[in-house]
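Visitor: In our numbering, the protein residues as written are 63 to 307.
The beta-carbon is built from N, C-alpha and C at its ideal position, and this holds for glycine as well.
Values in this document were obtained by computation on a predicted structure and should not be read as measured data.
Got a structure for you, written out below as structure tokens; questions coming shortly.
The following block contains the structure:
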């Protein structure tokens, strides 16, 4: 019997379907809540971070943001233009953990997708409204910096993004390898297990993976690393379902 798959643009179809994603047990609503944290930044922290970041803006004054994961399918900030683009020297990697808030709990921790050093990454660059840069940048920082920084490295940096219309400088949020939660030596099996089991107040890691791969493919971006993971996670969820029946 042919297994159901999720259709995406082009010839490829996904093994990780919405039905399989729905088989991951949801968050029980009792642990891992962000609202219980006491180390959240203040409004002034965000204002200071934005001001510091904008000091490095290019002479043109255009402020772009490079998206490689959920910002592609759920930006939550205003923009006036978007372009496909590639950054050199960085690649997608599930390497920040263990996540016990948002899409994980202490009992079922997740692992976050990051922009790590090496290789290249194709994504989407968004240009912020020139007359309301802070109005878009502050919500973005709130999302990317939900807790106070524990790494001495900056939250964000300016990277060169190669687009069909020419190179641009864009704000990106790469992982710092000095971050105490950086996990450089995770095995593929550890990543797959987390993606197939973790869930928190914002949904499951499987849901995150499905949405990210789906929207990348719809944009014409095929990430072989994520594509392999969605196949492996689909297989793992199927095995988990069978083991409970």
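Does residue 269 pass the burial test, meaning 16 or more other C-beta atoms within 10 Å, or should it be called exposed?
Guide: Buried, since its Cβ has 16 or more Cβ neighbours within 10 Å.
Visitor: By Cβ distance below 7 Å, which residues in the same chain neighbour residue 214 in space, the five residues on each side in sequence not counted?
Guide: Any reading at residue 214 must be qualified, since the residue scores a pLDDT of 40, below 50, and its modelled position is unreliable; no value is offered.
Visitor: Assuming residue 303 contacts residue 223 (C-beta within less than 8 Å), just tell me the rounded distance between them.
Guide: Not a contact, Cβ separation roughly 41 Å.
Visitor: Could you give the residue range of the alpha helix (DSSP H) that holds residue 114?
Guide: Element bounds for residue 114: 105-116.
Visitor: Which ranges does the beta strand (DSSP E) cover as unbroken runs of at least 3 residues, wholly within the segment 199-278, from first to last along the chain?
Guide: Qualifying beta strand (DSSP E) stretches, in chain order: 219-225 and 228-234.
Visitor: Quick one: what does DSSP say residue 175 is sitting in, helix, strand or coil?
Guide: Strand, per DSSP.
Visitor: Report the rounded CA-to-CA distance for residue 306 versus residue 89, giving the unit in angstroms.
Guide: Going from the Cα of residue 306 to the Cα of residue 89 covers about 18 Å.
Visitor: Excluding the 5 residues preceding and the 5 following residue 120 in the sequence, name in chain order all residues of the same chain whose CB lies nearer than 6 Å to its CB.
Guide: Only 231 meet the Cβ criterion.
Visitor: In whole angstroms, give me the CA-to-CA distance for residue 111 and residue 123.
Guide: Distance between the alpha carbons of residue 111 and residue 123: 18 Å.
Visitor: DSSP on residue 189, reduced to helix/strand/coil?
Guide: Strand.
Visitor: Should residue 255 and residue 298 be called a contact, given that it needs their Cβ atoms to be closer than 8 Å?
Guide: The answer is yes: Cβ separation under 8 Å.
Visitor: Under the three-state reduction of DSSP, which class applies to residue 122: helix, strand or coil?
Guide: Looking at residue 122 - three-state DSSP - the assignment turns out to be coil, as it is neither helix nor strand.
Visitor: Is residue 143 buried or exposed, if buried means 16 or more other CB atoms sit within 10 Å of its CB?
Guide: Exposed, since its Cβ has fewer than 16 Cβ neighbours within 10 Å.
Visitor: Which partner residues of residue 152 appear in the DSSP bridge assignment?
Guide: DSSP, once it has assigned bridges, lists 179 as partnering residue 152.
Visitor: For residue 131, count neighbouring Cβ atoms within 10 angstroms of its own Cβ and tell me buried if that reaches 16, exposed if not.
Guide: Buried, because 16 or more other Cβ atoms sit within 10 Å of the Cβ of residue 131.
Visitor: Are residue 189 and residue 141 closer than 8 Å when you measure CB to CB?
Guide: Against a cut-off of 8 Å, the Cβ pair of residue 141 and residue 189 comes out as a contact.
Visitor: Strictly by DSSP, which residues pair up with residue 158?
Guide: According to DSSP, which records beta bridges pairwise, residue 158 is partnered with 174 and 244.
Visitor: Quick check on DSSP: helix, strand or coil for residue 169?
Guide: Coil.
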